[in-house]
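Engineer:
Numbering (the working numbering), first residue to last: 16 to 215.
#1: Determine the burial state of residue 71: buried for a count of at least 16 other Cβ atoms within 10 Å of its Cβ, exposed for fewer.
#2: So, at 8 angstroms on beta carbons, what are the nonlocal neighbours of residue 125 in its own chain, with the 5 sequence-adjacent residues on each side left out?
#3: Suppose you measure from the CA of residue 196 to the CA of residue 189; what does that come to, to the nearest Å?
#4: Helix or strand or just coil, what does DSSP make of residue 94?
#5: So residue 129 and residue 163 are in contact, right, with Cβ under 8 angstroms, and what is the actual spacing, rounded?
#6: So, under 8 angstroms CB-CB, residue 85 and residue 107 are touching, yes? Tell me the CB distance rounded to an integer number of Å.
#7: Where does residue 60 fall in DSSP's three states?
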């Protein structure tokens, strides 16, 4: 019996992943192609991604973003195509209605677009400032378990940052991060407007 239960448990987990992927594609069927990078940019991006995967990244959060560390925020995936972050439901993150507090969801949603933006700005040879100038959100379902936030607009972020560097003028981009529960259902959506400006 235990093997049968394990089989169906795995099948349900796999089905939830498939549903999540399909919902992501439905939300953004026309994703932009990534920019062509110089060898130096690619080297810096590869190094940044390795750092995010390392144990040292947890210490970075503890030092620079302690609330994210305390809340249990994790980076599930980071590439030049998309970024995925996760946030658990636990006692520290709860609201009085036994679901995840909206501010915790906001932090994970912002991080899903902010981390790739930071990665891209650091790949450029000049310093580029980045700042949140606007935040909009919608909440469609109670978050009563782990939530995965997906931002698949990294190519558009990269193009905006590249334009800011080349023009030496400020540029803004509104990035959307969508949060899904373990059943693949949307629970929240964050539209974060980022401002980029070259310091050269």
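Note that CB positions come from ideal geometry on N, CA and C, so glycine has one too. Note that the structure is a prediction, hence the values are computed from the model and not measured.
Structural biologist: Taking the structure as given:
#1: exposed
#2: Excluding residues up to 5 positions away in sequence, 147, 150, 192, 205, 207 lie with their Cβ nearer than 8 angstroms to the Cβ of residue 125 in the same chain.
#3: 23 angstroms
#4: coil
#5: With a Cβ gap of about 16 angstroms, residue 129 and residue 163 do not count as contacting.
#6: Residue 85 to residue 107, Cβ: 6 angstroms. Contact.
#7: helix
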